[in-house]
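Each remark here refers to the structure printed beneath this line.
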Amino acid sequence: MDIEKLKRAGAIAKEVVAYARGMVKKGMPLLEIADKIESKIRELKANPAFPVNLSINEIAAHATPSANDETRASGLLKIDIGVHIDGYVADTAFSLDLEGDEENKRLIAAAEEALKHGVKEINIGTPLKKIGKAIESAIKSYNVQPIQNLSGHSIEQYDLHSGITIPNYDNHQETEIAQGVYAIEPFATSGLGEVKDGKPSGIYHLEKPGNVRDSFAREVLAFIEEEYATLPFCSRWIHHKFGSRGLIALKRIEEAGLLHHYSQLVEKSGKKVAQAEHTVLLTKKEKIVTTL
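Taking numbering that gives the first Met the number 0, the leading residue of the sequence shown gets 0, the next gets one more, and so forth.
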């Protein structure tokens, strides 16, 4: 675990969030927002740990614009940003009310309050259920619900979801937190508190090594392995590098069973969702919220 790289990734993520908060306006093309955020990460001498997620209203997560996307920012917009330096990741998210809407504001306040409580509770030795209970109580105090089948997660080098899930409700799990890196990631909704798979997101990760017949697809696969390793990437990035041929190659690689293609995650009852997230580094000596 490289603590200095984790701290630096967190500091860059914090700077990018401040930039995004000042830059994003209602009606902006999502494609422009994504390009500007990802370019800012690179300008600050890091790389995106995953494509920036720009999820509107009932879409909770795993939405990023495609290369020809014409969608514009509106409603309750979640902006989920990942930064990595040599695979050491900072993961952070916030929500914006672009409508001046009271329900949006309440959901955002619930998610942000829950995040504060979750960050406060997580320490070495804390049982998972205690963190989940603190998050759930904070969200329900706003008369809205946590999304129970989305969670925070442990993070390891080049591995965004490395095995431990941090619940957003009291799941009665006694498993205790060990030293490491964790994302606290509450989602608040006025709906049922559960997400379902929506349409394909255009976000992928390399699931296993392998080969493809087509020589150009092999070139694209080699690029994915070298550039992204096991971290998520998107069709937009492949299009930017290889043009429309790259998208055909991506389809070939997916057909060969080498990629996991994420679905958008949509609130089951179609109600709006807010998200908030920070990354916490726990060592035997200290607790650092790297993205705060």
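Even for Gly, the Cβ is constructed at its ideal location relative to N, Cα and C. Here the structure is a predicted model, which means the values were calculated and not measured.
{"Query": "Residue of Q178, D158, N210 and Q147 minimising C-alpha distance to N167", "Result": "Q147"}
{"Query": "6 Å Cβ shell around G86 - same chain, five flanking residues per side excluded", "Result": "Q156 and Y157"}
{"Query": "DSSP three-state assignment for V294, whether helix, strand or coil", "Result": "Residue 294 falls outside the range modelled here, since the chain spans only 0 to 291, and no answer is possible."}
{"Query": "Integer-rounded CB distance, given that K271 should sit under 8 Å from L106", "Result": "6 Å"}
{"Query": "Backbone CA spacing between L114 and Y141 [nearest angstrom]", "Result": "14 Å"}
{"Query": "Whether P199 touches F49 by CB criterion (7 Å)", "Result": "no"}
{"Query": "Backbone CA spacing between E253 and E285 [nearest angstrom]", "Result": "42 Å"}
{"Query": "K77 - partner residues in DSSP beta bridges", "Result": "S54 and S94"}
{"Query": "Range of the contiguous beta strand (DSSP E) that encloses K266", "Result": "One point to set straight first is that residue 266 is Glu, not Lys, in the sequence displayed. That run of the beta strand (DSSP E) goes L258 to E266."}
{"Query": "Candidates P145, G131 and P185, of which the one nearest H171 by Cα", "Result": "G131"}
{"Query": "Residue interval of the alpha helix (DSSP H) (run including I32)", "Result": "L29 to E42"}
{"Query": "Strand pairing of K207, partner residues [DSSP]", "Result": "Paired residue(s): none; K207 is not in a bridge."}
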